[in-house]
Each structure stands twice: as C-alpha cells, then as structure tokens.
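Asker: Got a structure for you, questions after.
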Amino acid sequence: MISKIFAGVLLSLAITFALKAQTFEIPDTTYQLPPLLKSQSGKAILTAKDWEKNRRREILSLFANNVYGKTPSKKLPLRFEVLEVSPSALYGTATRKQVRVYFSNDEKYYMDILMYLPNNTDKPVPLFLGLNFGGNQAINADHGILVSKRWFRYDKSKGYSNHYATEASRGTDAAAWPVEEIIKRGYGLATVYYGDLQPDSSNSANGGIAPLFYKKGQTMPVPDEWGAIGVWAWGLSRAMDYLQTDHAVNAKKIAVIGHSRLGKTALWAGAQDKRFAFVISNDSGEGGAAITRRKYGETITKINTAFPHWFCNNYKSYNDREDELPVDYHELIALIAPRPVYVASASEDQWADPTGEYLSAWHAGEVYKLYGLAGLTNITPPSINTPVGNGSIGYHLREGVHAMTYYDWQQYLNFADRELK
Ligand code: GCU
454 MISKIFAGVL
464 LSLAITFALK
474 AQTFEIPDTT
484 YQLPPLLKSQ
494 SGKAILTAKD
504 WEKNRRREIL
514 SLFANNVYGK
524 TPSKKLPLRF
534 EVLEVSPSAL
544 YGTATRKQVR
554 VYFSNDEKYY
564 MDILMYLPNN
574 TDKPVPLFLG
584 LNFGGNQAIN
594 ADHGILVSKR
604 WFRYDKSKGY
614 SNHYATEASR
624 GTDAAAWPVE
634 EIIKRGYGLA
644 TVYYGDLQPD
654 SSNSANGGIA
664 PLFYKKGQTM
674 PVPDEWGAIG
684 VWAWGLSRAM
694 DYLQTDHAVN
704 AKKIAVIGHS
714 RLGKTALWAG
724 AQDKRFAFVI
734 SNDSGEGGAA
744 ITRRKYGETI
754 TKINTAFPHW
764 FCNNYKSYND
774 REDELPVDYH
784 ELIALIAPRP
794 VYVASASEDQ
804 WADPTGEYLS
814 AWHAGEVYKL
824 YGLAGLTNIT
834 PPSINTPVGN
844 GSIGYHLREG
854 VHAMTYYDWQ
864 QYLNFADREL
874 K
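By the count of my numbering, the sequence shown reaches residue 874 at its end, each step adding exactly one.
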C-alpha cells in the first residue's frame with residue numbers, strides 16, 4: 454500500500470517535472486532545457502503549423518527581448534550603386550563585383566558588398582553570404598578589392614595600423630575564405646566587412662548605423678533594443694535585399710555563414726529572415742549554437758563582461774542566471790527549421806563548448822521532425838573529423854583550433870550540394 458502511494462507520488466512528480474523541463478545527462482554535465490514544444494501558456498505543440506503559428510513567434514520574441522534585442526521594423530531608403538565589375542577576376546574564373554548599399558539619402562551610411570561569381574555558367578548561381586572581420590580586402594590578395602577605410606579592432610596586427618587597414622592587409626584572412634574553391638564548386642560568394650554596420654567596440658562614438666533608428670534625442674539603445682549582433686544580422690538581411698535584385702544570383706539559394714561572433718550573427722540572421730535558405734554557424738559558441746545551461750567554457754557573465762555591446766542590455770540580467778533565461782540556444786537553431794542548418798566546432802575550441810554546440814543541433818531536431826525531417830540521429834557527438842547529418846541538420850567537429858578553415862568549407866560545400874543545389 455505504502456509503496457503504491459509512494460510510486461504514485463513519484464509518478465506525478467515525474468509528470469510535473471517532465472512538463473516543466475527536460476533533463477539531460479551528457480558525459481560532462483546535467484542540464485535542464487526549457488521545453489521546445491510547449492508554449493508559454495502550457496499548450497503542447499504537435500504540428501508544424503502549430504509551431505509556426507504559435508511557438509516559433511513566441512521563441513523569436515523571447516530571443517529579441519532577452520538576448521539580441523529587437524530589430525527595428527522601420528524601412529530605410531536603400532539605394533544600390535555598383536562601384537566596380539571585373540569579368541576576369543581570379544585568373545578569369547570569376548566575375549568580381551563591388552556594390553555599395555546606401556542606407557540614407559545623405560549617403561553618410563552605407564556598406565560595401567564584395568562578390569565573386571563563377572564565370573562558367575549563364576544560370577543564376579547559389580551563393581554564400583557572410584560578414585568578415587578584416588575588411589573585404591583581407592579575404593583575398595586580389596588587388597582589385599577596395600581597401601576598407603573603416604575602424605578595425607586590430608591595431609598592430611599584420612596589415613593594420615592604429616585601427617585602420619593598410620595595403621598590407623590584402624589577403625591576410627584568405628585562409629578563412631577559399632574563394633577559388635567556392636567558385637570551382639559552382640557557388641558565388643558575397644561578403645561585407647561587419648564594421649561597415651557597427652564597429653565591434655563598446656565605444657559607440659566609433660560610429661555605426663544604429664543612430665538611423667534612434668528616436669529624437671536618443672543616444673543609446675534602450676534595454677530591449679538591439680546590440681551589435683542584432684545590427685550585424687540586420688546588415689545581412691540588407692545584403693539579401695540587394696542580392697534579390699541581382700540576376701546573376703539565385704536568391705532562393707543563399708546560405709548565410711559566419712565564424713565565431715559572426716557565427717552567432719549568422720544564426721540570428723537566419724532565425725529572423727526566412728529568405729536565407731541555409732544557415733551555417735562556424736565555432737559560434739556562447740550566444741550562438743552552444744547550450745548556455747551547460748555553463749561550460751564561456752558563460753553569460755563572461756561574454757557580457759568582455760563584450761558588453763554584443764547583446765541587448767536585458768541579457769545582462771541573466772549573468773550567473775543561465776537557468777532563468779526563458780530560452781536556450783537549441784531554440785535558436787529550431788527557428789531555422791525546416792531550412793537546412795549546419796553547426797561546426799573545433800576540438801581545441803573548448804571555450805565555445807563543442808559538445809554544447811552539437812547538443813543544440815541535436816535538440817533542435819525535435820522541430821525538424823515536425824516537418825518530417827530526420828535531424829541528427831545520435832545524442833552522442835561524433836568523433837573528430839567525422840561529419841554527420843543527412844536530415845537537414847549537419848555537424849562536424851574539426852580537429853584543431855578556433856578558426857574557419859578549408860576543411861570546414863569543404864563540409865559546407867558538400868552539404869550545400871546535397872541540400873541546396
Ligand atoms: C571571443 C568570445 C567568443 C567569440 C570569439 C570570436 O573568444 O569570447 O564569444 O565567439 O571571441 O568572435 O572570435
């Protein structure tokens with residue numbers, strides 16, 4: 454009798470608990486996630502339609518209000534100016550195009566898109582779009598690329614002097630952008646220096662486009678207004694606005710890609726803007742793909758302390774309170790469903806929590822399944838250099854350090870061949 458009552462109590466406790474949170478025991482941590490498929494009012498989400506109508510919107514606004522800040526809906530008067538076209542770039546294999554996107558009529562605010570498109574086809578091409586860290590001129594040694602005149606975080610790195618780029622910065626980040634290979638595989642590449650949108654600095658005096666959205670007299674974002682990641686993600690959508698007008702590009706097959714802080718940005722851009730057909734997060738870590746409730750490697754306090762300008766100010770209220778954040782990052786990935794998504798980690802990049810990055814991608818599969826897509830099949834992360842995923846979610850753990858490498862790109866190209874082409 455007593456044992457029956459005891460079993461009953463245990464069962465009801467278990468049910469209550471299961472409805473509140475899901476607990477997962479993974480080799481190095483135990484964590485509880487907010488349930489992905491239950492609305493805040495407690496309604497179970499059982500179909501893709503339910504997900505899109507209710508839960509997806511709810512999660513999107515939770516991320517906007519608590520993490521990245523709200524993206525303003527105000528439309529700016531965009532104008533595109535083709536600055537330069539060279540049909541015989543990269544030894545004749547590609548056309549290089551540089552396009553300036555103006556955000557204001559006074560032409561004070563703008564970003565420059567650098568594009569390479571393969572020459573061996575007349576058809577609109579699928580394309581990878583990503584922000585870069587070193588200025589457009591850093592992604593390839595091609596002397597036709599305009600050297601950025603913006604402010605950089607780098608002061609004494611090779612090719613940068615006192616926060617400005619010099620001629621010597623040309624091609625310094627070419628290892629992260631294997632343009633020749635991308636072209637050879639039949640894809641285009643478009644890239645923008647992230648500092649065209651907002652300097653990566655907590656000193657807002659360094660510029661940026663945010664003031665275009667300020668109310669009269671405003672000088673700083675209010676607590677739920679966007680941080681730099683939000684601004685950068687907005688810029689990716691404005692690049693998409695241009696790409697939709699370019700007949701050489703297949704705008705229905707654009708992948709958005711980013712490394713590290715720009716991987717967080719790519720995920721947030723892909724989550725908000727369904728025009729991105731494929732989303733790639735390279736070593737994005739905390740505030741990107743990694744499950745924050747694991748508190749492994751970088752944490753909310755650490756990121757908000759070192760980079761107070763990346764997220765909205767509300768995010769700071771979750772310092773040391775990961776478990777109270779109403780979302781976790783598997784839900785960011787789930788927002789991309791049913792579009793293909795790829796998460797990649799590097800074995801020596803423990804700061805970004807490779808296991809947590811994998812687990813996010815795995816948990817997001819719950820939503821992909823609503824669309825009849827398989828997601829990742831195994832909760833245990835794969836071994837080093839063993840890419841996994843056929844069911845619209847891809848993942849690999851590359852051997853080595855925090856970087857975006859040729860190996861990473863090969864996996865993205867292979868996945869795009871299967872999922873996008
Ligand atoms: C730091 C930061 C990370 C970020 C990385 C990067 O390491 O802590 O969150 O991803 O910089 O952008 O390179």
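Don't be surprised by glycine CBs; every beta carbon is placed ideally from N, CA and C.
In the DSSP assignment, the beta strand (DSSP E) including F516 goes from what residue to what residue?
Answerer: From DSSP, F516 is part of no beta strand (DSSP E) but of the alpha helix (DSSP H) over R509 to F516.
Asker: If you drop the 5 nearest sequence neighbours on each side, which residues of the same chain put their C-beta closer than 6 Å to that of Q864?
Answerer: Closer than 6 Å at the Cβ level, and outside the excluded window around Q864, lie P840 and H849.
Asker: I'd like to know if the region 811-824 and the region 756-764 are in contact, where contact means that at least 3 CB-CB pairs between them fall below 8 Å.
Answerer: Contact between the region 811-824 and the region 756-764 is absent, because fewer than three Cβ pairs lie under 8 Å.
Asker: Taking its Cβ as the centre, do 16 or more other Cβ atoms sit within 10 Å of D870, making it buried, or is it exposed?
Answerer: Burial call: exposed.
Asker: Please identify the residue among W679, T644 and K669 whose C-alpha is closest to the C-alpha of G661.
Answerer: The residue with the shortest Cα to Cα distance from G661 is W679.
Asker: Compute the Euclidean distance between the alpha carbons of R623 and P540, then round it to the nearest angstrom.
Answerer: Computed Cα separation, rounded: 20 Å.
Asker: Quick one: Cα of N767 to Cα of L873, how far?
Answerer: Spanning the two alpha carbons is a distance of roughly 36 Å.
Asker: Return the residue from the list S734, S601, F586 and A628 that minimises the CA-CA distance to Y617.
Answerer: For the residues S734, S601, F586 and A628, the minimum Cα distance to Y617 belongs to S601.
Asker: What residue range is occupied by the uninterrupted alpha helix (DSSP H) comprising M693?
Answerer: Looking at the DSSP string, the run of the alpha helix (DSSP H) that includes M693 is A681 to L696.
Asker: CA-CA distance, T698 and K705?
Answerer: When rounded, the distance between both Cα atoms is 12 Å.
Asker: From S690 to D726, what distance separates their C-alpha atoms?
Answerer: For S690 and D726, the distance between alpha carbons rounds to 7 Å.
Asker: Taking the alpha-carbon positions, what's the N838 to G588 distance?
Answerer: Distance between the alpha carbons of N838 and G588 is about 30 Å.
Asker: Check the C-beta distance from S734 over to A724 and give it rounded, since I have them as a contact under 8 Å.
Answerer: That belief does not hold up - the Cβ atoms of S734 and A724 are roughly 11 Å apart, past 8 Å.
Asker: For F516, which residues in the same chain have their Cβ closer than 8 Å to its Cβ, ignoring the five residues on either side in sequence?
Answerer: Closer than 8 Å at the Cβ level, and outside the excluded window around F516, lie W721, A724, V780, E784, L785 and L788.
Asker: Under the assumption that E852 contacts S800 (Cβ atoms under 8 Å), give the Cβ distance between them as a whole number of angstroms.
Answerer: Contact holds; Cβ gap of about 5 Å.
Asker: Among I635, Y613, E633 and E634, which has the Cα closest to the Cα of T625?
Answerer: The shortest Cα separation from T625 among I635, Y613, E633 and E634 belongs to Y613.
Asker: At the level of alpha carbons, what is the spacing between S836 and T808?
Answerer: Their Cα atoms are separated by approximately 11 Å.
Asker: CB of I756 to nearest heavy atom of the ligand GCU: below 7 Å?
Answerer: Yes, the beta carbon of I756 sits closer than 7 Å to at least one heavy atom of the ligand GCU.
Asker: Applying the criterion that 16 or more other CB atoms from any shown protein chain within 10 Å of the CB defines a buried residue, is Q671 buried or exposed?
Answerer: With fewer than 16 Cβ atoms within 10 Å of its Cβ, Q671 is classed as exposed.
Asker: Label R532 either buried or exposed according to how many other C-beta atoms from any shown protein chain fall within 10 Å of its C-beta, with 16 as the threshold for buried.
Answerer: So R532 counts as exposed.
Asker: Throw me the rounded Cβ distance for the A805 and A743 pair, which I believe falls under 8 Å.
Answerer: So it is a contact: roughly 6 Å between Cβ atoms.
Asker: Alpha carbon to alpha carbon, how far is A627 from A542? Give it in angstroms, no decimals.
Answerer: If you take the alpha carbons of A542 and A627, they lie about 15 Å apart.
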